[in-house]
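Residue numbers (full-length UniProt numbering): 1 to 474.
Taking it in order: structure first as structure tokens, then the write-up.
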Amino acid sequence: MLLERIYDEDLAQASYFIGCQAEGEAIVVDPRRDLDVYLDLAEKHDMRIVAVTETHIHADYLSGTRELAVATGATVYVSDEGGPDWMYGTDFDDAIRMKHGHRILLGNVAVEAVHTPGHTPEHLSFLITDGAQSSEPGFMLTGDFVFVGDLGRPDLLDEATGLLDTRFQGARDLFASLRDRLLTLPDYVQVLPAHGSGSACGKALGAIAASTVGYERNFSWWGEYLANDDEQGFVDELLSGQPDAHAYFSRMKLENRVGPAVIGEVPDLIEYTAVELRSALDADSVIFVDTRHHSQVHEGTLERSLNIPGAAKAASYGAWVYDPQIEQRPIVLLAGSAEEAQEMRDHLIRVGIDTVRGYITSLDGLELITPKLVQPEEVEFLEKAMLLDVRNRTEYAGGHLPGAVQLSGGRVLWNLDILPAPDAGTIVTYCQSGVRNSVAASALRRAGYDVAELDGSYAAWAEMRGNVPVLETA
Numbered sequence: 001m002l003l004e005r006i007y008d009e010d011l012a013q014a015s016y017f018i019g020c021q022a023e024g025e026a027i028v029v030d031p032r033r034d035l036d037v038y039l040d041l042a043e044k045h046d047m048r049i050v051a052v053t054e055t056h057i058h059a060d061y062l063s064g065t066r067e068l069a070v071a072t073g074a075t076v077y078v079s080d081e082g083g084p085d086w087m088y089g090t091d092f093d094d095a096i097r098m099k100h101g102h103r104i105l106l107g108n109v110a111v112e113a114v115h116t117p118g119h120t121p122e123h124l125s126f127l128i129t130d131g132a133q134s135s136e137p138g139f140m141l142t143g144d145f146v147f148v149g150d151l152g153r154p155d156l157l158d159e160a161t162g163l164l165d166t167r168f169q170g171a172r173d174l175f176a177s178l179r180d181r182l183l184t185l186p187d188y189v190q191v192l193p194a195h196g197s198g199s200a201c202g203k204a205l206g207a208i209a210a211s212t213v214g215y216e217r218n219f220s221w222w223g224e225y226l227a228n229d230d231e232q233g234f235v236d237e238l239l240s241g242q243p244d245a246h247a248y249f250s251r252m253k254l255e256n257r258v259g260p261a262v263i264g265e266v267p268d269l270i271e272y273t274a275v276e277l278r279s280a281l282d283a284d285s286v287i288f289v290d291t292r293h294h295s296q297v298h299e300g301t302l303e304r305s306l307n308i309p310g311a312a313k314a315a316s317y318g319a320w321v322y323d324p325q326i327e328q329r330p331i332v333l334l335a336g337s338a339e340e341a342q343e344m345r346d347h348l349i350r351v352g353i354d355t356v357r358g359y360i361t362s363l364d365g366l367e368l369i370t371p372k373l374v375q376p377e378e379v380e381f382l383e384k385a386m387l388l389d390v391r392n393r394t395e396y397a398g399g400h401l402p403g404a405v406q407l408s409g410g411r412v413l414w415n416l417d418i419l420p421a422p423d424a425g426t427i428v429t430y431c432q433s434g435v436r437n438s439v440a441a442s443a444l445r446r447a448g449y450d451v452a453e454l455d456g457s458y459a460a461w462a463e464m465r466g467n468v469p470v471l472e473t474a
């Protein structure tokens, strides 16, 4: 058996390529939309991708299940659990819908669906048996059910889809899934989750790639609650301190349930000259994305540009500032080469931003503006300015500027009603060190707000005052 983990550092997301070498057949679980990594693995190992599936209707990225099926002819398998409110849409009518216990056979390899609700009602995990070695499963792909050191959060349906108080039933379902599905397995079974440290799908995910049932049973935070059959204590602890959910999650949920658009072959990116870009910007026919670090952006950038600092976190930050449901203008990137622009486009495609059309390698010959900055020592003297903390609410609770309003960067553009009118005064924004702040501030400037960024953000302000946090509720 071949089992490969493909990890996206941007979204802290893992997909899996599993194959039977004897038969040359493979399945991909939880794929992303840029497919080269899976196609290359299949070619390298002389395998055919004959099946593709996913653990649940994802909220943090756009699934590549349909994309991969179209590219390879693979059969699609999706969950048929969770009740009628959690069924996949008509774009999945050709898919095989799986109930608990459904088995997918690839030569000597068996992939068995296990219904593990809690994170979402339809959630499946997959037990993997290498029949050439054993008649018993040795691995469990746990999706967003069990992570290393943590569990999938059950509150995202409330946070991302506007449902009311589903988190409580979800937490109880998660308790039952642990008790009845995971902890009935032998301790040696390896746990292979869909996310790692940095994902917003949990609150304390570990950075280690894999665990075992026995390790999680004995050393995870939840093990004691299960051992003592303390469901209420488990629910209370699980739901406390969860980070903000990004607003784009609701779009991902909807598109993944209905069926993500299949993009197929993408055209080559166009390299713009300064004259061509200036003309397009004057006509308001494109959106420019400055991909540099915020320290360089502060030295000068194009008016109304968005700041998405580099490919490494392009999917994460891009989804904060560009909503393809309301924005269709193509994107032009600042990139050092066509290869850099292509890498960034691949990242943006993972969150359904399919409109990158070109790039420019330099801002020479273009008129630049300098974003407003406020120094930490100037904050207390500001008049008629709103202080906006774009960190997570958990960071805000640990200390913030006096009087600051908290609205995380991934929610800013979807909650403009919390902000004063664009002509009602200056908004001074900050995060922890300045990266997220620059992303959110660029989006607000593009939306017409008068924005000044706190230079050095909260870290610089806290250092100025001796690192004594302000803990009062604003």
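Just so it is clear, CB atoms sit at the ideal spot from N, CA and C, and this is done for glycine as well.
Small disclaimer: the values here were computed from a predicted structure and weren't measured.
Straight-line gap, residue i to residue j (C-alpha atoms, nearest Å)
| i | j | result |
| --- | --- | --- |
| Thr355 | Ala132 | 46 Å |
| Leu185 | Pro193 | 16 Å |
| Met441 | Thr429 | Residue 441 is actually Ala in this sequence, not Met. Cα to Cα, Ala441 sits roughly 7 Å from Thr429. |
| His293 | Thr75 | 43 Å |
| Arg66 | Ser438 | 35 Å |
| Arg350 | Leu281 | 26 Å |
| Arg181 | Arg445 | 49 Å |
| Gln342 | Pro260 | 21 Å |
| Thr473 | Gln432 | Only weak support is given to the placement of Thr473: the predicted model assigns it a pLDDT of 42, under 50, and the value that follows is read from those uncertain coordinates. Near 18 Å, if we compare the C-alpha coordinates of Gln432 and Thr473. |
| Gly399 | Gly466 | 13 Å |
| Ala110 | Ser135 | 10 Å |
| Ala385 | Leu41 | 54 Å |
| Ala210 | Leu366 | 49 Å |
| Gly233 | Val148 | 20 Å |
| Tyr61 | Ser199 | 11 Å |
| Ser15 | Leu2 | 14 Å |
| Ala424 | Leu68 | 49 Å |
| Val289 | Gly318 | 9 Å |
Simplified DSSP state of residue i, which is helix, strand or coil
| i | result |
| --- | --- |
| Val439 | helix |
| Asp40 | helix |
| His294 | helix |
| Arg278 | helix |
| Leu334 | strand |
| Phe168 | helix |
| Phe92 | helix |
| Lys372 | strand |
| Arg329 | coil |
| Trp364 | Here the sequence assigns Asp to residue 364, which means Trp is not the residue at that position. If DSSP states are grouped into helix, strand and coil, Asp364 belongs with coil. |
| Phe219 | helix |
| Thr301 | strand |
| Gly149 | coil |
| Gln190 | strand |
| Val262 | coil |
| Glu224 | helix |
Residue i versus the options, residue with shortest Cα-Cα distance
| i | options | result |
| --- | --- | --- |
| Asp130 | Gln232, Cys20, Asp60 | Cys20 |
| Leu11 | Gly403, Met87, Ala311, Pro324 | Ala311 |
| Asp364 | Glu383, Leu302, Tyr317 | Leu302 |
| Phe145 | Pro154, Gly434, Ala447 | Pro154 |
| Glu216 | Ile49, Met140, Gly107, Pro121 | Met140 |
| Leu174 | Leu205, Tyr188, Glu231 | Glu231 |
| Pro376 | Gln406, Ser305, Ala459 | Ala459 |
| Asp93 | Gly83, Ser79, Leu105 | Ser79 |
| Glu276 | Ile287, Val374, Val412, Pro267 | Ile287 |
| Ser457 | Ser211, Gly403, Leu373, Glu43 | Leu373 |
| Ile270 | Leu2, Arg357, Asn307, Leu348 | Arg357 |
| Ala335 | Thr361, Glu122, Asp323, Tyr317 | Thr361 |
| Gly143 | Leu105, Leu3, His58, Asp455 | His58 |
| Glu159 | Ser250, Glu339, Asp423 | Ser250 |
| Leu124 | Gly107, Asn108, Leu105, His100 | His100 |
Buried/exposed call for residue i, threshold 16 Cβ in 10 Å
| i | result |
| --- | --- |
| Glu299 | exposed |
| Pro31 | buried |
| Lys253 | buried |
| Tyr188 | exposed |
| Ile369 | exposed |
| Gly83 | exposed |
| Gln406 | buried |
| Gln13 | buried |
| Leu207 | The sequence as given places Ala at residue 207; Leu does not occur at that position. The residue is exposed, with fewer than 16 neighbouring Cβ atoms inside 10 Å. |
| Phe126 | buried |
Boundaries (first-last residue) of the beta strand (DSSP E) holding residue i
| i | result |
| --- | --- |
| Gly19 | 13–20 |
| Leu3 | 2–8 |
| Ala51 | 48–53 |
| Asp130 | 124–130 |
| Ala110 | 109–115 |
| Ser79 | 75–79 |
Segment limits, alpha helix (DSSP H) that includes residue i
| i | result |
| --- | --- |
| Met344 | 338–349 |
| Gly403 | Where Gly403 is concerned, there is no enclosing alpha helix (DSSP H), given that its DSSP letter is neither H nor E. |
| Asp244 | Premise fails: Asp244 is in no alpha helix (DSSP H) and is neither H nor E. |
| Gly318 | 314–321 |
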